[in-house]
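Undergrad: Sharing a structure, written as C-alpha cells. Questions coming.
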Amino acid sequence: MNRQSDDQAQQSIFTKKEPHSWVIHIDGASRNNPGKSGAGIVMKKDGEVVSREGFYLGIKTNNQAEYYALLLSLFFVHRYAQPNDLIRIASDSELLVKQMAGTYKIKNEGLKPLFALAQSLLSAYTIKIMHVMREDNVEADAMANKGIDSKKAVPRTFMATLQKHGISL
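Okay, so the sequence shown: first residue is 3 according to our numbering, each after it adds one.
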C-alpha cells in the first residue's frame, strides 16, 4: 500500500459518521371526518427537537390524514437522515401501524396508493413504525391541528413526489 492510500484509509476511519438516532412523532387530524385535515410531525435527532411542522391537507378522512403524516415524515427522513441512521416513527393510529406491519389488511381503496408509496419510501432506510398512546403524541397532535388552523401548504417537492406516484392531495 502506498503512502497516499494509507493516509486515505486512516482519514476515512476518523471521518466515518456515527449513526444518528431519530424519533419522529406523527399525527393526522380531521375535523368532522371527513373534513378539514392536517398532518403534524415532530422530529427529534439524538433527543433534540430539530423540526415541528403542521400542514394543511384539505378535506380528508382521519385515516387519510394519518397516512399523509407518515408520508411527510418519510419525505423529511429522505431529506435529512443518513442511510445508516436509526429511525423510529411513532403514531397513535393503531390502524396505520398495523397496516404498515401487515397485521391489518387495507380495505379502503383510497388508502391503498398511500400505503404503496409509504412502503416504497421505507425501503431505503431501516425504519421502525411503532404505536404510542395518544397522551404520548400530544405534540404531533397539536401540530396537526396547527396545520389545519394555519392552512400551511405542504412542500412543493412533496407534492411533486405524490404526483409522480399518481396521488393528488
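Yeah, the Cβ is synthetic: ideal placement off N, Cα and C, and Gly gets one too.
State the start and end residues of the unbroken beta strand (DSSP E) segment that holds Leu113.
TA: No beta strand (DSSP E) holds Leu113; DSSP gives it neither H nor E.
Undergrad: Excluding the 5 residues preceding and the 5 following Arg54 in the sequence, name in chain order all residues of the same chain whose CB lies nearer than 6 Å to its CB.
TA: Val44 and Met145
Undergrad: Going by the beta-carbon positions, is the gap between Asp94 and Arg33 smaller than 7 Å?
TA: no
Undergrad: Determine the direct distance from the alpha carbon of Asn147 to that of Ile169, and round the result to whole angstroms.
TA: 23 Å
Undergrad: Rounded to the nearest angstrom, what separates Ser14 and Asp29 at their Cα positions?
TA: Note that Ser14 scores 49 on pLDDT, short of 50, meaning its location in the model is unreliable and no value can be drawn from it.
Undergrad: Cα-Cα, which of Lys166, Asn65, His133 and Ala31 is closest to Leu123?
TA: When only C-alpha atoms are compared, the closest one is Lys166.
Undergrad: Quick check on Asp143: buried or exposed, where buried means 16 or more other Cβ atoms within 10 Å of its Cβ?
TA: buried
Undergrad: Contact check, Leu98 vs Leu119 under 8 Å by CB: the rounded distance?
TA: At roughly 13 Å, the Cβ-Cβ gap does not stay under 8 Å, so Leu98 and Leu119 are not in contact.
Undergrad: Just to check my reading of the structure: Ser39 and Ile150 have Cβ atoms closer than 8 Å, yes? What is that Cβ distance to the nearest angstrom?
TA: Ser39 to Ile150, Cβ: 7 Å. Contact.
Undergrad: Can you give the Cα-Cα distance for Ala126 and Ala67, rounded to whole angstroms?
TA: 23 Å
Undergrad: Suppose you measure from the CA of Glu20 to the CA of Asn110; what does that come to, to the nearest Å?
TA: 41 Å
Undergrad: Does the beta-carbon distance from Lys154 to Tyr58 come in below 7 Å?
TA: yes
Undergrad: Quick one: what's got a C-beta closer than 8 Å to Pro85's C-beta in the same chain, skipping five residues either side?
TA: Ala126 and Tyr127
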